[in-house]
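Peer 1:
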Amino acid sequence: EFKLNLLAPVSKGTVTATAEIINMTRSTAVVQIRMENDGRHCLAAQGTVLIMDPR
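Per the working numbering, residue 14 is the first one in the sequence shown, and the count goes up by one each step.
Okay, here's the thing in structure tokens:
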């Protein structure tokens with residue numbers, strides 16, 4: 014599951030993304046992502062992913 018909030022358009026400049034794991038269990042992880050365009054907040058996102066053992 015992912016939720017994205019597009020806060021501002023980006024047409025030029027440098028875009029920087031940072032992510033932080035805010036909760037993690039054996040089977041799931043919740044991550045928050047923030048993107049900035051030349052220091053201006055342009056995207057906020059949160060995602061929940063399923064963690065599976067490789068077979």
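Every residue gets a Cβ at the ideal spot worked out from N, C-alpha and C, and that includes glycine. The structure displayed is predicted, hence computed values, not measured ones.
Between the C-alpha atoms of Val62 and Lys25, what's the straight-line distance to the nearest angstrom?
Peer 2: In the sequence shown, the residue the question calls residue 62 occupies position 49. In the sequence shown, the residue the question calls residue 25 occupies position 12. Val62 and Lys25 have their alpha carbons spaced roughly 31 angstroms apart.
Peer 1: Within a Cβ cutoff of 6 angstroms, which residues of the same chain sit near Ala58, ignoring the five residues on either side of it in sequence?
Peer 2: Position 45 of the sequence shown holds residue 58. Leu17, Ile46, listed in sequence order.
Peer 1: Name the DSSP bridge partner or partners of Leu56?
Peer 2: If you number the sequence shown from 1, residue 56 lands on position 43. Paired residues: Leu19, Met48.
Peer 1: Around the C-beta of Met48, are 16 or more other C-beta atoms found within 10 angstroms, so that it is buried, or is it exposed?
Peer 2: Mapped onto the sequence shown, residue 48 falls at position 35. So Met48 counts as buried.
Peer 1: So Asn50 and Ala30 are supposed to be a Cβ contact under 8 angstroms. How far apart are they, rounded?
Peer 2: Residue numbering aside, residue 50 sits at position 37 when the sequence shown is read from its first letter. Residue numbering aside, residue 30 sits at position 17 when the sequence shown is read from its first letter. Rounded, the Cβ-Cβ distance is 10 angstroms, inconsistent with contact.
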